Amino acid sequence: MAILPNSLESTPNSTKDQQTPESLQQSEARFQTLVANIPGAVYRCTWDSVGTMTFLSSAIQPISGYEASEFIHNRVRSFHSIIHPQDRRRVEESVWQSIDSQHPYTIEYRIVRADGKITWVYDQGQGILDENGVVQWLDGVILDITERKQTEIQLRETQAFLNSVVENLPVGVFIKDAKDLQVMCWNKTSEELLGYSKAQVLGKNDYDFLPYEQARLLRAKDRQILTDGKLVDIPEAPLNTPHRGERIVNTKKVPLLDEKGTPQYILGIVEDITERKQAEAALRESERHYRCIVETASEGVWVFDANNQITFANTRMAQMLGYPIEEMLGLSLFDFIDTESQALIQTYLERRRQGIQERYDFKFRRQDGSDLWAIISATPLFNDQGSFVGVLRMITDISDRKQAEEALQEREQFLSSILNGVENSISVVDVHQRQSEPNPSWQFRYVDVNPAYEHLIGIPGEQLRDRPLDAILPPDLAVTISERYNTCVQTGTSISYEECFGVQGQESWWITTLTPLRDRLGQIYRVVSTSTNITQRKQAEQKTARLTAILESTTDFVSICEPDGTFLYINQAGRQMVGLDPEQEISHLQIWDFHPQSVKQHLLEEGLPKAIQDKVWQGETSLLHQQGWEIPVSQVVMAHQGATGEVEVFSTIIRDISDRKQAEEALRKSEHQLRVKNHDLQQTLHQLKQTQTQLIQQEKMVSLGQMVAGISHEINNPISFIAGNITYTRQYGTELLHLLQLYAKNYPEPVAEIQAEIEAIDLDFVRADFPKLLNSMQEGANRIRQIVLSLRNFSRLDEAEIKPVDIHDGIESTLLILQHRLKSTLDRPEIQVHKHYGHLPSVECYASQLNQVFLNILGNAIDALHSQPEPGRITICTQVSSQFPVVPLEESPENKSQQPQSSERVIIRIEDNGPGIPEAIQNQIFNPFFTTKPIGTGTGLGLSISHSIVVDKHGGKLTCISQPGQGTEFIIELPVKQKSLSSGLMFSFGESLRSSPSFVQSSA
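Heads up, my numbering is the position in the sequence shown plus 165, with the first residue counted as 1.
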């Protein structure tokens, strides 16, 4: 109910005064009926400071506890007075705002009832204005909403409680809307578990804070859950979190449906089960560990319940009894014992029920019927209430010990029989101390002796037992033996010594060993004496000593070694031979230590197997001195086999043959020197023959050069005269022709005789052809001059020494000389020459000799193409190379050790497409006098001389590459600059014949 200011008074309705009393009564009756059916108190109040009620329905009484008449015109109290003091200002402000905006007002506030209780009311009304906009009064209705408010409060409290529960649950809880899958709820555990705060996720979808791929998968699963409308439970899955790494979680997701069954939200619950999984894994590992301990224990583990039935048996227990574990479970203990032991085991069971734990030996029966002797450690089991629930029995198999005890008894009997039957004399004496510290002494009494001892000393055993040594033995012998017993007791260790007895008038040697026996306290209480007859060994040692003296007197190396090579003996001569000291220990040395590795391998692979097979092996080897030098020796190895046929030892006799080897070496050197000298003489003779042939060929080439030079000189004089006068002839002819033109111009009508002569000589033709004739004469003269120049270049009589030369000029001169052979004949077409010249520098060389090389190689190429049915072709290529030779060469043995030097070189390749050279003769083409041409057409010296000129005179290489049917290629390599050439056997004309030719077969 609004509180109205004093300045606003309501005005009476003017229409009310105009109605009749009857109509007013009817109208009021209708109004009262209408108001009575409204679920609330209807009111009208003035717009003043206290909101004076002018009308208030009776429904206000159940709401406020006051009668409506008490509020009319504030008769008893104003409605403003029962509004809760804390709500009055808010009510006034709400009514004021409604009047200002001319809208109805709706207010919820509290009133104080007549009984002092607080009631919540809902007040809805509006201001009634006149035509001037002035408020006349307020009409409204008041409803009791106390129950609704209490429900809302309870609902808010419940919501707050549920929110607190959800917020503090130990599992992550989140809610997403079904439309955009945006997060609407995110509790504290979700923040801690998943690593994202509420601010990061609320109102956002997965793509806003998760990696793309992870978000895509989660959204796809969420959409599937919304489609299926079912709970999805993922018991265990890994989850990568940004702050704690990978965790293991249990996730549940369920769609939340509205009343129509349409999904509105997705509820997700995430529980971190990492620690639980780790604990389960640790528990499983612990169980596995203890089970492993139980299953791998060397003792049997046997558990029985209160009824003495088996509830557990480990693998060892089942193995000991010979049963499968499955068959043992549920059986009684009595199933594993014989009838005689059942009464005893029943007594043990009663003691377990009394809580007594004990350990004892017992015999069980295995499945196969055999006995199992065991030590039982029985422990009673009680529950938390102290009730007996079973027995734990730890079973240790002592069947072997029982068998050992039986075997020990049998062994004692057996040893006793041996003691009495062995040839060794054995006696046992007790040790009795007669004085205390610090100078104790002992008395020794016989306990037992065997028959051999009785026979040795000649006294029966009955007289020896339990009597001291000095009472039985002669005084001197008793003192000696007692001293040895004293030594054994004082040192506490076994001692051995040799002694000699006279038995039946013969000397007998024995080796005696005294062995002390100790009791459980470690005190020596007995001494056992064992004597062995070594008379035969002593005799053998004497023989060995005599043999050793013989071996030590020899000058040869004599040794004995084990089958593995370990030395047993080396005589003094052998020690001296390899540098060992006379007393140096050799037990750690092997025979291989004194042989080189190659000799060791030879002995292992041939010497020792041969010695084992034939009993002996002999050969020449070498010893290795301690200082490192080798000694040539003659060695004999003998294999000594035992009764079984196995080799027991090897003996070796080695004799130093250094002097003999030196004599043989001197003889071999002498023979070698004679062979070398003989070879040198043969080589010299061969070179002389070759040089003589080359001198003849050289003389022929000189004669040819002189002839060519003379011809070129004789031709050069007249051709120079002709070439020199052609110029004047051209001038004179031109002038005469010009004069004729002047005559023809000035005398166009010559006399008949002149006219007839002009026609006879065909003056116009002469005038046109005469210049051409002079040109042809000039060309012919130039050609002859070139031929003369080429002849001079080829002969090079004025160039006998090394000088820079243009290689191309030499090739062209040679081609000119051979031009007539390149032309076509009746038998073959013209041979084509293809030239591929590179830019070559001037090469230091003997020009005339190189021209001879070109002439020989090109001449052979033309000869090869003579019978060629298809067009012949010769290709000449030149180039410069600053690298190593580009063509692989098969070097002779003496040249393989020489490393090529990198220098600038020229390479001339001359290739033909002829039939090639057969493989059988390829390696002979550079040999003197070797030729494949018919007799009388070749000397066989061309390629040999060419090779000598290129290799020996110029330090180059001449190589041939040929494949039958595919032609032949000669490659000439020359250094651009000549160096000091190595000279072999030099002759007057300066040629060397030391180098060997090279030939390479093509792999095409």
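Heads up, the beta-carbon is just placed ideally off N, CA and C, and yes, glycines get one too.
Bear in mind the structure is a predicted one, so any value in this text is a computation, not a measurement.
Residue i, enclosing beta strand (DSSP E) - first and last residue
| i | result |
| --- | --- |
| residue 399 | 397-406 |
| residue 477 | 475-478 |
| residue 590 | 590-598 |
| residue 555 | 553-562 |
| residue 1000 | 997-1001 |
| residue 609 | 607-614 |
| residue 1047 | Run containing residue 1047: none; DSSP gives neither H nor E here. |
| residue 295 | Note, residue 295: premise wrong, no beta strand (DSSP E); not H, not E. |
| residue 326 | Premise fails: residue 326 lies in the alpha helix (DSSP H), 311-333, not in any beta strand (DSSP E). |
| residue 732 | 732-735 |
| residue 1009 | 1008-1010 |
| residue 207 | 206-210 |
| residue 348 | 348-351 |
Three-way DSSP call (helix, strand, coil) for residue i in this model
| i | result |
| --- | --- |
| residue 1127 | strand |
| residue 1170 | Absent from the structure is residue 1170, since the part of the chain shown begins at 166 and ends at 1169. |
| residue 658 | coil |
| residue 844 | helix |
| residue 522 | coil |
| residue 302 | strand |
| residue 971 | coil |
| residue 545 | strand |
| residue 274 | strand |
| residue 513 | helix |
| residue 1116 | helix |
| residue 471 | coil |
| residue 1061 | Unreliable placement is indicated for residue 1061, whose pLDDT of 41 sits below 50; no coordinate value is reported for it. |
Supposed close pair residue i, residue j - CB separation, criterion 8 angstroms
| i | j | result |
| --- | --- | --- |
| residue 217 | residue 239 | 5 angstroms |
| residue 555 | residue 471 | 6 angstroms |
| residue 464 | residue 561 | 5 angstroms |
| residue 399 | residue 416 | 4 angstroms |
| residue 943 | residue 884 | Not a contact, Cβ separation roughly 12 angstroms. |
| residue 289 | residue 271 | 5 angstroms |
| residue 679 | residue 649 | 6 angstroms |
| residue 674 | residue 700 | 5 angstroms |
| residue 1136 | residue 1126 | 7 angstroms |
| residue 1006 | residue 1036 | Going by Cβ atoms, the distance from residue 1006 to residue 1036 rounds to 34 angstroms, so no, they are not a contact pair. |
| residue 610 | residue 594 | 6 angstroms |
| residue 576 | residue 721 | The pair is not a contact, with the Cβ atoms about 54 angstroms apart (cut-off 8 angstroms). |
| residue 573 | residue 557 | That belief does not hold up - the Cβ atoms of residue 573 and residue 557 are roughly 33 angstroms apart, past 8 angstroms. |
| residue 540 | residue 549 | The Cβ separation is near 30 angstroms, so there is no contact. |
Which residues DSSP lists as bridging residue i, in chain order
| i | result |
| --- | --- |
| residue 976 | The partner list for residue 976 (beta bridge, DSSP) is empty, contrary to what the question assumes. |
| residue 415 | 436 |
| residue 816 | 725, 803 |
| residue 217 | Answer is none; residue 217 lacks a bridge partner. |
| residue 795 | 789 |
| residue 698 | 675 |
| residue 1139 | 1071 |
| residue 376 | BP columns for residue 376 are empty, so no partner. |
| residue 1076 | 1040, 1134 |
Endpoints, the alpha helix (DSSP H) within which residue i is located
| i | result |
| --- | --- |
| residue 250 | 250-266 |
| residue 775 | 773-779 |
| residue 163 | Missing from the structure shown is residue 163; the chain here goes from 166 to 1169 and no further. |
| residue 490 | 490-493 |
| residue 917 | 917-926 |
| residue 366 | 363-366 |
| residue 626 | 626-629 |
Should the region 574-588 be called in touch with the region 482-491, which here means at least 3 C-beta pairs below 8 angstroms?
no
At least 3 beta-carbon pairs within less than 8 angstroms: the region 1122-1139 vs the region 1072-1082:
yes
Given 8 angstroms, three or more beta-carbon pairs between the region 772-790 and the region 798-809:
yes
Are the region 244-255 and the region 273-290 in contact at 8 angstroms, needing three or more beta carbon pairs?
yes
Should the region 372-392 be regarded as contacting the region 415-434, the criterion being three or more beta carbon pairs within less than 8 angstroms?
yes
Report yes or no: do three or more beta-carbon pairs, one from the region 688-702 and one from the region 731-741, lie closer than 8 angstroms?
no
If contact is defined by three or more beta carbon pairs under 8 angstroms, each pair taking one atom from either stretch, is the region 970-989 in contact with the region 1009-1023?
yes
Decide if the region 333-342 is in contact with the region 257-271; the criterion is three or more beta carbon pairs, one per stretch, under 8 angstroms apart.
no
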